[in-house]
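Here the structure comes first, spelled out in structure tokens, and everything after it is commentary.
Here it is as structure tokens:
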């Protein structure tokens with residue numbers, strides 16, 4: 012196969028891999044019944060005037076499936092961390108005991124499970140959009156090549172096969188997450 016076509020396919024595959032990696036990262040932050048440290052992955056703390064990820068100013072653990080504990084590396088960071096968790100609008104209520112912050116994660120209601128499933132579907136759709144955009148870019152690059160129409164058609168079919176593979180992977184990843192969310 013033509014080197015230019017291989018390069019275009021590799022570029023498309025790389026873009027599709029990035030879309031999948033982003034989807035998996037976003038799905039990890041969606042709560043699925045039990046407490047995980049990644050639930051606080053989006054929390055940004057005001058650390059001496061700069062916004063810093065929570066994981067860089069404190070240790071986040073799960074002592075049991077319904078509890079998160081946040082132990083700051085500096086005692087004076089308890090208040091800013093507590094405030095940052097509340098501002099993050101995650102539906103969590105932090106409790107400060109002077110040494111660490113405990114967060115009881117309430118069990119999910121049926122309505123909340125449905126909303127989380129919708130959120131997961133939305134993230135999967137965003138990933139599919141990224142995959143289709145990679146396909147569109149690859150097809151446009153193929154059309155610009157100075158090769159025969161038959162080679163262009165074959166290359167476009169290869170791009171479509173790649174796209175179908177990644178869309179299927181997206182659907183499978185979403186199905187696993189939906190099952191995880193709906194499981195009581």
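In my numbering, the protein residues as written are 12 to 195.
C-beta: ideal position from N, C-alpha, C; glycine also.
In this structure, does DSSP put residue 114 in helix, strand or coil?
strand
Counting only the same chain and skipping the five closest in sequence on each side, list residues whose C-beta sits under 8 Å from that of residue 154.
163
Nearest-angstrom Cα distance between residue 135 and residue 116?
25 Å
Would the region 24 to 43 and the region 73 to 88 be scored as touching if the rule is three or more Cβ pairs under 8 Å?
no
Closest to residue 60 by C-alpha separation, out of 15, 88, 178, would be which residue?
88
Give me the residue from 15, 181, 152 with the minimum Cα distance to residue 28.
181
What's the gap between the Cα of residue 130 and the Cα of residue 157?
43 Å
What residues in its chain sit with their C-beta under 6 Å from that of residue 128, if we drop five residues either side in the sequence?
189, 192
Residue 118: which of 14, 103, 132, 112 sits nearest, CA to CA?
103
Go through its chain and collect everything with a Cβ distance to residue 107's Cβ below 6 Å, but skip five positions before and after it.
Result list for residue 107: 89, 93, in chain order.
Check whether the Cβ atoms of residue 54 and residue 68 sit closer than 7 Å, and answer yes or no.
No, these two residues do not count as a Cβ contact at 7 Å.
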